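One structure below.
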Amino acid sequence: ETGVTQTPRHLVMGMTNKKSLKCEQHLGHNAMYWYKQSAKKPLELMFVYNFKEQTENNSVPSRFSPECPNSSHLFLHLHTLQPEDSALYLCASSQEVTQYGYTFGSGTRLTVV
Amino acid sequence: GEDVEQSLFLSVREGDSSVINCTYTDSSSTYLYWYKQEPGAGLQLLTYIFSNMDMKQDQRLTVLLNKKDKHLSLRIADTQTGDSAIYFCAESGYGGATNKLIFGTGTLLAVQP
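Sequence order for the protein chains is A and B.
Just so we're aligned, residue 1 is where the first sequence starts under this note's numbering, counting upward by one.
Just so we're aligned, residue 1001 is where the second sequence starts under this note's numbering, counting upward by one.
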């Protein structure tokens, strides 16, 4: 257990479904991140939140919608996804400025059918 | 933009030393990191090095930094089967803002018994 908890661990959804991924941390961090990890590709930074404010959106399609209600919780709302969106979605948190890097959750393995 | 490159695969025998290499492009990086990802898990921070250091040792791990060549390496002494995992190099990006990490593609380390 790293201190960053992601649920669910596995998710299978149809292309017309709507689902949400949840991330929670109680490390006192004030920055949270969503990454996408696909096979044979570098980790892709999707969204960055600092103090609940979105500070980065790396040209992510609108079918992915993040929400950060407070510094401890981060959601990724999914709708009308495509099969190529199947991947491991990783949440991470950190202090805004730190030498200690990020603390990652275990990820949600998403399969779109 | 920033780029971090790693070789994709390394195979070693148990008990040997492993050396995983990484090159990066952002000369203003403040910190550089090594993360480990075991199957089905998120990324775990192994170690980090400040950019004004040449070397850092932590038990079986030795990090070497050649800032002139923008080359980072991770040496694992006495490699064990439990070290089998994907290893990611990361740099702090965007002029040293340490809450923005750029990751490499990862190196799969396979340890043969």
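Yeah, the Cβ is synthetic: ideal placement off N, Cα and C, and Gly gets one too.
Quick caveat, the model's predicted, so the values are computed rather than measured.
Asked	Found
Quick one: using the 10 Å Cβ neighbour count with 16 as the cut-off for buried, is His1071 (chain B) buried or exposed?	exposed
Counting only beta-carbon separations shorter than 8 Å, does Ala1041 (chain B) have a partner in chain A?	yes
Classify Thr16 (chain A) as helix, strand or coil using the three-state DSSP reduction.	coil
My understanding is that Phe1103 (chain B) touches Leu43 (chain A), with C-beta atoms under 8 Å, so please give their C-beta distance in whole angstroms.	4 Å
Give a yes or no on contact between the segment 1075 to 1091 of chain B and the segment 1006 to 1024 of chain B, applying the rule of three or more CB pairs nearer than 8 Å.	yes
What I want to know is whether the C-beta of Leu1008 (chain B) ends up closer than 7 Å to one or more non-hydrogen atoms of the ligand MG.	This structure simply doesn't include the ligand MG, nor any ligand for that matter.
Would the segment 94 to 112 of chain A and the segment 64 to 72 of chain A be scored as touching if the rule is three or more Cβ pairs under 8 Å?	no
Go to Tyr33 (chain A), then tell me how far its beta strand (DSSP E) extends in each direction, as first and last residue.	Ala31 to Gln37
If you draw a straight line from the alpha carbon of His29 (chain A) to that of Asn17 (chain A), how long is it in whole angstroms?	32 Å
Say whether chain A places a C-beta atom closer than 8 Å to the C-beta of Phe1009 (chain B).	no
Going by C-alpha to C-alpha distance, which of A:Tyr35, A:Asp85, A:Leu11 and A:Ser94 sits closest to Asn50 (chain A)?	A:Ser94
Check the Cβ-Cβ distances between Thr1105 (chain B) and every residue of chain A, and say whether any is below 8 Å.	yes
Work out the CA separation of Val1012 (chain B) and Tyr1033 (chain B) for me, nearest whole Å.	22 Å
So what does DSSP say about Pro61 (chain A), is it helix, strand or coil?	coil
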